[in-house]
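Residue numbers (this note's numbering), protein chains in the order written: chain A, 660 to 1199; chain B, 1219 to 1595.
Beta carbons are placed, not taken as given, at the ideal position from N, Cα and C, and that holds for glycine.
Here is the structure we will look at, set down as C-alpha cells.
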Amino acid sequence: MNSGSAALADGGIVGTPGKTGDGATGDGIDAGSALQLRGITKRFGAVVANRGIDLSVRRGTIHGIVGENGAGKSTLMSILYGFYQADEGDVLIGGKPADIRSSRDAIDVGIGMVHQHFMLVDTFSVLENVMLGAEEHRLLAANAADARRELQRLESEYGLSIELDALVGGLPVGEQQRTEILKALYRHAEILILDEPTGVLTPQEADQLFRVLRTLRERGVTVILITHKLREIMDITDTVSVLRLGEMVAHRTTADTSMGELAELMVGRPLQSVNHLRGEDLPADTSLGIDVRGLKLVDADGAIRLADVDLSVRRGEILGVAGVAGNGQSELLEVLAGIRKPSAGHFVINGREASVEDLPDPSSMRELRVHHVPEDRLKLGLIKSFSAAESSVLGYHRAERIRWRGLLRLSTIRRICRDLMERFDVRPGDPSLRSGSFSGGNQQKLILARELDKRPEVLLVGQPTRGVDIGAIELIHEKLVEMRDAGCAILLVSVELDEIMALSDRILVMYEGRIVGQVAGRDADKTELGLMMANAHESS
Amino acid sequence: MKINTASVPLPAWLEVVVIPILNIAVALFFAGLIMLAIGVDPIEAVGIMVRGALGSDYAIGYTLYYTTNFIFTGLAVAVAFHASLFNIGGEGQAYIGGLGVTLVFLLLDRWLPAVLLIPIGIGAAALFGAAWAFIPGWLQAHRGSHIVITTIMFNFIAASLMVYLLVNVLIQPGQMSPESRQFDESAWLPFMHEFLGVFGLDVTRTPLNLSLLLALVCCVGVWLYIWRTRWGYELRTAGQSEAAAVYAGIRPKTVIVSAMCVSGALAGLMAVNEIMGVHHRLIMNFTAGYGFTGIAVALMGRNHPVGIVMASLLFGVLYQGGAELAFDVPLITREMVVAVQGLIILFCGALALMLRPWVVKVWLLFKRPESLEPAHA
C-alpha cells in the first residue's frame, strides 16, 4: 500500500522539507518530490486564509489534505491551480520552481484538478468535453480523431471506461467524475488534485473511484485528495496533512495514525464519540407526528420528483431519509414544510390534515408547532445582509412579544438573539453582526436555535451539518437528540450517511422519488444502505 | 501586497461622507475641464453656482423648493428598491397624484375650510399616486410583467391622459392655456415666507412652502416603515430573497403590490408641493423630470432617508445654482448645466465605488497593525 513513500525513523513526520531522507538539498528543495510548497501565505483583506504552509508530496503517492470548512484547503488548491497567486512563498514542481498565474500554467506544469462542482458541459459528449480548451488544430474533426486515439489509449492504460460519444448530461455522477479525471490525464497531468470527490457518490461509486486512484498511483501519477471525510483518508491515502485555521498543523503517514487522532488535529481538542440512538423502543401506541400517504409531485418540466411516498414519524423518534442528493428528499421536505404544492396525495402533520387543495402555508405550519430547518441555509434560512438579530426572527417577525404599537421592538429582538446565541454557542455572540459574515457552522447554529427555541412538536431538518465544522456538528446533533427525547417528531434528510446512521431511529432510503428501503437504526449497515441508495439491493 | 479591497470594511464616516465628497470633487474637476474648454473660468463658475444656490434667502428658498420634490420622488424609488423593484414610474405617479388633488379641489374647494381641504388634498395625492403604481405592481406580482417596462409605459399613458384631460375637460372655460381653474385660497398650502412671516421673520418670496415639512415627515415615516415595522421587515426580506420570504410565511405577491403602492403614494405627494403649494392649479407637465431625477437621488442616497435628504439637497443646489449660472454667464447654456449634473450623477452613482480601492489602500496604511490580525478564513 505504501509504494513510493519514505519510511522515517522519527515516526510519522513526512513532508517537511529538509527532513526527508533522499533528494533534499541545502536550501530546502526536495528534488524527489512531485510537488512542494514553501511558506505559502495568502491574505484576503484582514483574513489570513493560508499562513506559512509547507508541504511536500512524493511522486506516485496518494496524499490527503484534511481540514474543517474554512481551514483554507480550497484557497490552497486554488493557488496551485492558478486561480489566485500567493502573497508569499513558492511552489516547486519536481524540484523546480513554478510560476503559476492561470490554470493554463498549472496544466503546463502537469497539475490537473477535479473540482467539487464539475466543470463539464452537459450538452457535449465526453469526447468534446475532454477536448475543450486543449484543441491543437483549427478544425474540430482533426482534433476529434487525435483525441479519440489518445483517449482510448488512456482508458486502457488506466482502466477507465466511458462511452466517448455519450452526452455528459445523461451520465451518472460517477462517470461524470471519471470524465473529469480523463480530462486531466489527457492534458498530461502528473499531479491530480481531487476536491471533495465523494460528496455526490454512493459508497459503491466511491469504492470504484478509489480503485481508479490506486491504478493511477501504480502508474506514477501523484494524487492529492482534499476531503473532510476521515474514513476515506484512512482507506486510501499514503500520507496526510492536516490544515487548521489556515496553518498546516501536522503531517502523518496514514498507517501510523487514526481517525481519532486526525479529528483531534483538525479541531485542536479531544473529541468524544457518542451514541445517540434511543435506548429502548417507543411504546407501540405512540402517536404520529407526521403521516404521509401517497404523496406525488410532478414538476413543471414533467419530471416525477415524488412517486407515491408513504411514511410516518412518531413523536419522540428521528426518521432519517438517506439517498444521494436529487432523489426527492428536498422536494419531500418542501412539501411537508408548506413551501411547495404536491400534485397528489395527502398528509397529516401534527394533527392537521393537508392535501393538494388544502395545504397550510409556512406561517400556519409554525402555528401548528411544525418548524423547518432548510437545506439551503443561505437561500432560505437567513438573509445575508440582515443583522443576526433580524435573521433570528425570520418567520417569527409577527410575534406579539416583539411588537409595540406597530413597531418592532429592536431591543427585545436583540435580547432574544443574544440569548439564543449563548444557548447554542453561536460565535461571535454579537446580534448586530451581518448574518452573512458568520461562518457556515455558526449560521447553522443560529438557524437551529431559532427553530428549536420554541420547542416545536414536529421538526423538519435538511442537511443540518453541511459545511459545518466538527465542533459545531457535535452540538447540533446533541440539540436534535434533546428535542427527540422531549417528544418531538423529527424528519431528518441528509446526504451524509454517517450522520443518518448516528442519529436515526429508523432509516428510509429514497431513490428517484420513491422509498426503496427501510431499516431500523441500530441494524443499519453502510454497505446495505449504499446498495439501496443506488437501487441495487436485493429486494429492489 | 495584493489585497481584495472589496472585502475590506471601511468605517461609516469614510463610506458615507468622504467617498461621496471625493466623487463630487472628481465630477467637478471634469466639469471644470469642460468649462475651461469653452472659455469659462471654472472656479468662478462654481462660485456663481454655490452663491446662486445658497447665497441669499431667495436662493435658499428656491433650492429647498427643488429639494422638496427630490425628497418625495427619491423616497418613492428607494422604498421600491428595498423590495428589489425598480420603480421608474415616478413621473407618471406624481402627475396622476396631481390629478387627484385637482379633482378633489375642483369639487370641494368652495365648500370646505382649509383645515379639512389640506389633509384631503394630501390624501388624494397619495391615493391617486398609489393607484397609478398599483397596476404595474399587480402585473409584476401576478403575471411576471417586468416593473421597469410597465412603469415606463404608465408614464407615457399618464402624459397622454393628462394632455387629454387638461385640454378637453379640466381647462378653464374661455382660456387658451391648458390649465385648470385656480383653486380657492383655502386650498392653498401656505408659502414658507408667509408661514415665517407669522413669526415675524421677513424672508424673500419664493415657491418654497410647507410641503417641505411634509417631505421631512415622510423621511421619518419611511425610515420607521422600512426598518422598524414588520411590514418593512417583510418588504426587505422579499426584496433580498423570495425563497426566504416564502419560508418565513411572507407572500411575495402581497409585498410587491404593497411596496409599489407605497412607492406610488410617495411620488404622488410631489403634487402637494407643486400643485397645492406653488401653482394652485393643475398645469401641464409640472413633474418636469423630477421623477427621473428621483432615481439618481435614491441611488446616491443609498436608498436611506438620510442619504436621500443629502442627495436631494445636492440636486437642489445643482438645479438652482445651475439656473443662476446659465443666467449670469452667457457662455454657459442650460444644456451645459445639465451636463454638469450628468457628470455628478455619473461619478456619484455609476462610478460611486471607483475610488474606493485607493481609499482602502490609504486607510490600510494608517490602520495596518490592527487590520491584519489573523482571522479565521
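**OP:** Could you tell me the boundaries of the alpha helix (DSSP H) in which Lys1138(A) lies?
**Re:** Looking at the DSSP string, the run of the alpha helix (DSSP H) that includes Lys1138(A) is Ile1129 to Asp1144.
Original post:
Exposed or buried, Leu941(A), counting other C-beta atoms within 10 Å across all chains shown (16 or more means buried)?
Top reply: Leu941(A) counts as exposed, since fewer than 16 other beta carbons sit within 10 angstroms of its beta carbon.
Subject >> For Asn1287(B), the first and last residue of its enclosing beta strand (DSSP E) >> reply: That residue, Asn1287(B), is in no beta strand (DSSP E); its alpha helix (DSSP H) goes Asp1275 to His1300.
**OP:** Output the residue ranges of the beta strand (DSSP E) runs that lie fully inside the stretch 720-783 of chain A and measure 3 residues or longer, sorted by chain position.
**Re:** Runs found: 721-726, 747-752, 755-757 and 770-773.
**OP:** Have a look at Ser784(A), Leu694(A), Gly919(A) and His776(A) and flag the residue whose alpha-carbon is nearest the alpha-carbon of Asp758(A).
**Re:** When each option's Cα is compared against that of Asp758(A), the closest is Leu694(A).
Subject >> Partners in chain B for Arg1104(A), counting only beta-carbon separations shorter than 8 Å >> reply: Going by the sequence as given, residue 1104(A) is Lys instead of Arg. Within chain B, no residue comes near Lys1104(A); the closest Cβ sits about 15 Å away, beyond 8 Å.
**OP:** Only counting runs of 4 or more residues, tell me where the alpha helix (DSSP H) segments fall wholly within the stretch 856-923 of chain A, in order along the chain.
**Re:** List check, alpha helix (DSSP H) in window: 862-877 and 889-895.
**OP:** Decide if the stretch 1065-1075 of chain A is in contact with the stretch 1130-1137 of chain A; the criterion is three or more beta carbon pairs, one per stretch, under 8 Å apart.
**Re:** Using a Cβ-Cβ distance cut-off of 8 Å, the stretch 1065-1075 of chain A and the stretch 1130-1137 of chain A are not in contact, since fewer than three pairs of beta carbons, one from each stretch, lie closer than that value.
**OP:** Decide yes or no for the touch test of the stretch 768-786 of chain A against the stretch 835-855 of chain A: beta carbon pairs closer than 8 Å, at least 3 of them.
**Re:** Counting C-beta pairs closer than 8 Å gives three or more between the stretch 768-786 of chain A and the stretch 835-855 of chain A, which meets the contact rule.
Original post:
Should Arg1361(B) be flagged as near chain A, meaning a C-beta pair shorter than 7 Å?
Top reply: Not an interface residue.
Original post:
Between the stretch 704-721 of chain A and the stretch 898-916 of chain A, are three or more C-beta pairs nearer than 8 Å?
Top reply: At 8 Å Cβ cutoff, the stretches touch.
Original post:
So who's on the other strand from His1498(B), going by DSSP bridges?
Top reply: Listed as beta-bridge partners of His1498(B) by DSSP are no residues whatsoever.
Original post:
Can you name the residues of chain A whose CB is closer than 8 Å to the CB of Leu1442(B)?
Top reply: Chain A residues near Leu1442(B): Leu1066.
Subject >> Counted within 10 angstroms of its Cβ, other Cβ atoms place Leu735(A) as buried (16 or more) or exposed >> reply: It counts as buried.
Original post:
When the Cβ atoms of the stretch 1052-1065 of chain A are set against those of the stretch 1078-1092 of chain A, are three or more pairs found closer than 8 Å?
Top reply: Using a C-beta cut-off of 8 Å, the stretch 1052-1065 of chain A makes no contact with the stretch 1078-1092 of chain A, since fewer than three inter-stretch Cβ pairs fall below that distance.
Original post:
What are the complete beta strand (DSSP E) segments, minimum 3 residues, inside the stretch 1009-1075 of chain A?
Top reply: Qualifying beta strand (DSSP E) stretches, in chain order: 1011-1014 and 1029-1032.
Original post:
For Asn1503(B), is the classification buried or exposed, using 16 other Cβ atoms within 10 angstroms of its Cβ as the cut-off for buried?
Top reply: Counting Cβ neighbours within 10 Å, Asn1503(B) comes out exposed, since fewer than 16 surround it.
**OP:** Under 7 Å Cβ to Cβ from Ser820(A), same chain only, skipping five residues before and after it: list those, please.
**Re:** Within the same chain, Glu814 come within 7 Å of Ser820(A) by CB-CB distance, once the 5 residues on both sides are set aside.
Original post:
Leu1384(B) and Met1410(B): beta carbons closer than 7 Å?
Top reply: Inclusion of Leu1384(B) and Met1410(B) in the CB contact set at 7 Å is not warranted, their separation being larger than that value.
Subject >> Member of Arg760(A), Glu787(A), Glu939(A) and Val1117(A) whose CA lies at the smallest distance from the CA of Leu810(A) >> reply: Taking each of Arg760(A), Glu787(A), Glu939(A) and Val1117(A) in turn and checking the Cα distance to Leu810(A), the smallest one comes out for Glu787(A).
Subject >> Residue-chain proximity (Lys1138(A), chain B), Cβ-Cβ < 7 Å >> reply: Chain B, which has no Cβ nearer than 7 Å to the Cβ of Lys1138(A), makes this no.
Original post:
Using the beta-carbon count (16 or more within 10 Å), is Trp1350(B) buried or exposed?
Top reply: By the Cβ neighbour-count rule, Trp1350(B) is buried, with 16 or more other Cβ atoms within 10 Å of its own.
Subject >> DSSP-derived helix/strand/coil call for Thr684(A) >> reply: Any reading at Thr684(A) must be qualified, since the residue scores a pLDDT of 43, below 50, and its modelled position is unreliable; the value itself is stated next. In the three-state reduction of the DSSP assignment, Thr684(A) falls in the coil class, being assigned neither a helical nor a strand state.
**OP:** Give the secondary structure of Met1410(B) by DSSP, where H, G and I count as helix, E and B as strand, and everything else as coil.
**Re:** In the three-state scheme derived from DSSP, where H, G and I count as helix and E and B as strand, Met1410(B) is classed as helix.
Subject >> Neighbour-count burial assignment, Lys755(A), 16 or more Cβ in a 10 Å radius >> reply: Around the beta carbon of Lys755(A), a 10 Å sphere encloses fewer than 16 other beta carbons of the protein chains shown; the residue is thus reported as exposed.
Original post:
Under 7 Å between the Cβ atoms of Met1192(A) and Val983(A)?
Top reply: In contact: Met1192(A) and Val983(A) (Cβ atoms closer than 7 Å).
**OP:** Report the residues of the stretch 1086-1112 of chain A with a CB closer than 8 Å to any CB of chain B, ordered along the chain.
**Re:** From the stretch 1086-1112 of chain A, only Ser1098 have a Cβ closer than 8 Å to chain B.
Subject >> Proximity of Leu1162(A) and His935(A) at Cβ, strictly below 7 Å >> reply: Between Leu1162(A) and His935(A), the CB-CB gap stays under 7 Å.
Original post:
If you drop the 5 nearest sequence neighbours on each side, which residues of the same chain put their C-beta closer than 7 Å to that of Gln867(A)?
Top reply: Correct list, in chain order: Gly833.
**OP:** Determine the contact status of Thr1422(B) and Ile1042(A), defining contact as a CB-CB distance below 7 Å.
**Re:** No, the pair does not count as a contact, with Cβ atoms beyond the cut-off.
**OP:** Check the Cβ of Ser1044(A) against every Cβ in chain B and list those closer than 7 Å, keeping chain order.
**Re:** What Ser1044(A) touches in chain B: Gln1458.
**OP:** Take the Cβ of Trp1167(B) as the centre, count every other Cβ of all protein chains shown within 10 Å, and call the residue buried at 16 or more, exposed below.
**Re:** A question about residue 1167(B) goes unanswered here, because the residues of chain B that appear run from 1219 up to 1595.
**OP:** Could you please give me the residues that DSSP links to Thr700(A) through a beta bridge?
**Re:** Glu747(A), per the DSSP bridge assignment.
**OP:** Return the chain-ordered list of same chain residues with a C-beta closer than 6 Å to the C-beta of Leu844(A), the five sequence neighbours on each side being excluded.
**Re:** Same-chain partners within the cutoff: Leu813.
Original post:
Nearest-angstrom Cα distance between Leu1018(A) and Leu1188(A)?
Top reply: Their backbone Cα atoms lie some 33 Å apart in a straight line.
Original post:
Excluding the five sequence neighbours on either side, which residues of its own chain have a C-beta within less than 6 Å of the C-beta of Ala1343(B), listed in chain order?
Top reply: Cβ neighbours of Ala1343(B) beyond the five flanking positions: Gly1315, Gly1318, Val1319, Gly1486, Leu1487, Ala1489 and Val1490.
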